[in-house]
Amino acid sequence: MTNTATIIDTILAAGTITSPANPRVRAAARLRDAGQRRETGLTLVDGMREIKRCLRAGVDVVEAFVAADSLSPPATP
């Protein structure tokens, strides 16, 4: 199993997306259409619980979009 630091490094290496016109965002948005999902064989998965389920089931991740603030550990009081 990959450790969290390695996962975060991999995510950060992919770069920051600053525009909804980004081709990666547009490709993901097209997956809202059932025909696109059938054509590409891809689907969208949203939420940590569902992502964990997919990973446990051996689903290959093609693209991941992560909010930058979700990469920071929670503040301790």
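Residue 14 is where the sequence shown starts when you use the numbering used here, and the numbers rise one by one after that. Backbone N, C-alpha and C fix where the C-beta goes; we use that ideal spot for every residue, glycine too.
### Alpha-carbon to alpha-carbon, A34 and E63
Position 50 of the sequence shown, counted from the start, is the residue given in the question as residue 63. Position 21 of the sequence shown, counted from the start, is the residue given in the question as residue 34. If you take the alpha carbons of E63 and A34, they lie about 26 Å apart.
### Query
For the alpha helix (DSSP H) that contains A41, what are its first and last residues?
The residue you call residue 41 lines up with position 28 of the sequence shown. Taken as a continuous stretch (DSSP letters only), the alpha helix (DSSP H) holding A41 covers 36 to 43.
### Query
Taking the Cβ atom as the reference point for each residue, do R176 and I30 lie within a distance shorter than 8 Å?
Only positions 14 to 90 of the chain appear in the structure, and residue 176 is not among them; the question remains open.
### Query
Out of T53, F78, C67, which has the shortest C-alpha to C-alpha gap to S32?
Residue mapping note: residue 32 aligns to position 19 of the sequence shown, counting from 1. Taking only the C-alpha atoms, the option nearest S32 is F78.
### Task
Could you name the residues of the same chain whose beta carbon sits closer than 7 Å to that of E76, not counting the 5 residues immediately before and after it, in chain order?
As a position in the sequence shown, residue 76 is number 63, starting the count at 1. Once the five neighbours on either side are set aside, the close Cβ partners of E76 are R37, A41.
### Query
Can you name, in chain order, every residue of its own chain whose Cβ lies under 7 Å from the Cβ of L55, other than the five neighbours on each side?
The count along the sequence shown starts at 1 and reaches residue 55 at position 42. Excluding the 5 residues flanking it on each side, L55 has same chain C-beta neighbours closer than 7 Å at L44, V75, in chain order.
### Query
Sorted by chain position, which residues of the same chain lie with C-beta nearer than 6 Å to R50's C-beta, five sequence neighbours on each side aside?
Walking along the sequence shown from the start, residue 50 turns up at place 37. Within the same chain, Cβ atoms closer than 6 Å to the Cβ of R50 are found at L44, T56, the five residues on either side in sequence being excluded.
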